[in-house]
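> In UniProt numbering, the protein residues as written are 1 to 395.
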C-alpha cells in the first residue's frame, strides 16, 4: 500500500450539472474527504449515513466520518462487501435497514463513499427512503468520477440484466478527492480510462485526438493530463445530462459499447469482467458495426482499438460468447422498445447515434468476427478474472 501524503483540503476547480430536477456542483481537489466545512455543508439536518465497502472503508471512512462529526453531525455507517456481484437487493435492503435503525429523516444525507457499485446502490436507496433524501457522491475510482457519479442514474442488478432496477435521482453534490485516485489499482484505473475514451468517440473529436497524443501520460497518472481528462469527461457528461436528464433521447449516446458490454458482464458473471473492460470491448464492436454500415472509415476502427490497447484494455469479447449468448442479454437491454433492439453506433469521430436501422446479419457477423479474433490470438485478449486476483483499491 502506498501512503497518501496529507495536505490541507482545497477545492481546485468546480463544474455545475444543470439537470432539470436539480443543479449541483462537481468539486475537484486534494484531501476533500477530510474537509469538514465542505462535507458538513452538504447536511441540512443533524444526521448522516455513510455507505462504503470493505475495500474503501479502511482507507477513507475514518476521514469522512471524522470530518462530519467535527461539523457537528451524527453519523452511522454501512459497510457492504466489495464487488459488482453484491449490487443486489440484499445490499440495498441493508442500507435501508441502517436508515431505519438510525431514524434518518428527510433532512438527513446519505454519502456514497466508493466506486460505481456503491454510488448506484446508495443513490437508489436515497431515492426511495422516505420518498427521497439528499445524497452526495464521494467517488474513489476513475470510472465513478467520469461516469456513474454524474448524471443521477441509480440501480441494482437483476440476474437477467445489469442495472435493470433503479431510478433517475440526482445527487446534491459530487466531491472528487483526487488523492484517492493515487491509490487506485492499475486494472481499476484502466477500466475508468475506457469511459474517458468514450467521450472522445461520441461527442468530442478534439478530445479523442488529445488522448491519442497523451495516453502514456494518462496511464502514468500525470496530474495535468489526468485532471484535464476528468474535467472534460465530466463536462461532456454534464452537457448531455442537461439536455436529456432521463434518457428519452440524446443521453442514450452515453451508452456507446454498453449494450455489448452489459451482455458480457451478465454472461461472465458480475465482477469477472470489470465494467470498463466490457465497455472497451463493446466500443470496438460498435465501431466495427458502424464501419460495416458504411458510416465510418476502417481507419477509425483501428484507431479506437489501438487507443484501448494502449490503455491495457480488452478489445474483443470473451471466446465463450457467441451470437446466442449476446442476443439473450441484449434482448432485455433498457433501450429495447417493442421488442426492437437499439444500438449506439458512430456516424463519425465525435458523433454517435441511437439506431435500430441495421441488418441483424451485420450484428451477427460482428459478433462472430471478434470471437474468431480471440481464438486466433488468445494471449493478446485475455482478461484476468477478479476472482483469481481480487481487485483492490490499493496497489
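Beta carbons are placed, not taken as given, at the ideal position from N, Cα and C, and that holds for glycine.
DSSP on residue 14, reduced to helix/strand/coil?
Here residue 14 is taken as the residue at index 14 of the chain shown, counted from 1. Residue 14: strand per DSSP, three-state reduction.
> With burial defined as no fewer than 16 other Cβ atoms inside 10 Å of the residue's Cβ, what is the status of residue 30: buried or exposed?
As a first step, residue 30 must be located in the chain shown, where it is residue number 30. Residue 30 is buried by the Cβ-count criterion.
> Tell me the DSSP bridge mates of residue 47?
The residue labelled residue 47 in the question sits at position 47 within the chain shown. Bridge partners of residue 47: 74.
> Between which residues of its own chain and residue 269 is the CB-CB distance below 8 Å, once the five residues before and five after are set aside?
Here residue 269 refers to the residue found at position 269 when the chain shown is read from its first residue. Closer than 8 Å at the Cβ level, and outside the excluded window around residue 269, lie 85.
> So which of 340, 346, 166 and 330 has the shortest CA-CA distance to residue 260?
Position 260 of the chain shown, counted from the first residue, corresponds to residue 260. Nearest C-alpha to residue 260: 330.
> Going by beta-carbon coordinates alone, are residue 257 and residue 283 separated by less than 7 Å?
Here residue 257 is taken as the residue at index 257 of the chain shown, counted from 1. Here residue 283 is taken as the residue at index 283 of the chain shown, counted from 1. For residue 257 and residue 283, yes; Cβs fall inside 7 Å.
> If I follow the unbroken beta strand (DSSP E) through residue 127, where does it start and stop?
As a first step, residue 127 is located in the chain shown; it is residue number 127 there, counting from the start. Careful: residue 127 lies outside any beta strand (DSSP E), inside the alpha helix (DSSP H) at 116-128.
> Once you ignore the five residues that flank residue 304 on each side, which residues in its own chain have a CB closer than 7 Å to its CB?
Taking the first residue of the chain shown as position 1, residue 304 is located at position 304. The answer, listed in chain order, is 201, 283, 284 and 287.
> Which parts of the region 280-364 are runs of the beta strand (DSSP E), unbroken and 3 residues or longer, counting only runs that do not cross its ends?
343-348 and 351-355
> From 119, 25 and 164, pick the residue whose C-alpha is nearest to that of residue 335; which is it?
By one-based count along the chain shown, residue 335 stands at place 335. Of the candidates 119, 25 and 164, the residue whose Cα lies closest to the Cα of residue 335 is 164.
> Extract the residue ranges of the alpha helix (DSSP H) inside the UniProt domain "3-dehydroquinate synthase N-terminal" (78-190), only unbroken runs of 4 or more that lie entirely within it.
89-101 and 116-128
> Using the beta-carbon count (16 or more within 10 Å), is residue 120 buried or exposed?
Residue numbering aside, residue 120 sits at position 120 when the chain shown is read from its first letter. By the 10 Å Cβ count, residue 120 comes out buried.
> In the DSSP assignment, find the beta strand (DSSP E) that holds residue 26 and state where it starts and stops.
Stepping through the chain shown from its first residue, residue 26 is reached at position 26. Note, residue 26: beta strand (DSSP E), 23-30.
> Residue 69 and residue 75 - do their beta-carbons sit closer together than 7 Å?
In the chain shown, counting from the first residue as 1, residue 75 sits at position 75. In the chain shown, counting from the first residue as 1, residue 69 sits at position 69. It is a contact, given that the beta carbons lie within the stated cut-off.
> Can you have a look at residue 34 and say buried or exposed, based on whether 16 or more other CB atoms are within 10 angstroms of its CB?
Position 34 of the chain shown holds residue 34. Buried, since its Cβ has 16 or more Cβ neighbours within 10 Å.
> Within this structure, are the beta carbons of residue 196 and residue 26 separated by less than 7 Å?
The sequence position of residue 196 within the chain shown is 196, counting from 1. The sequence position of residue 26 within the chain shown is 26, counting from 1. Going by C-beta atoms, residue 196 is not nearer than 7 Å to residue 26.
> Taking only the alpha-carbon atoms, compute the straight-line gap between residue 87 and residue 117 and give it to the nearest angstrom.
As a working mapping, residue 87 is identified with position 87 in the chain shown. As a working mapping, residue 117 is identified with position 117 in the chain shown. So the alpha carbons of these two residues sit roughly 6 Å apart.
> Quick one: what does DSSP say residue 52 is sitting in, helix, strand or coil?
Looking up residue 52 in the chain shown gives position 52. Here residue 52 sits in strand by DSSP.
> Enumerate in chain order the residues of its own chain whose CB-to-CB distance from residue 367 is below 6 Å, with the five nearest sequence positions on each side excluded.
Numbered from its first residue, the chain shown carries residue 367 at position 367. Excluding sequence neighbours, residue 367 sits near 323 and 326.
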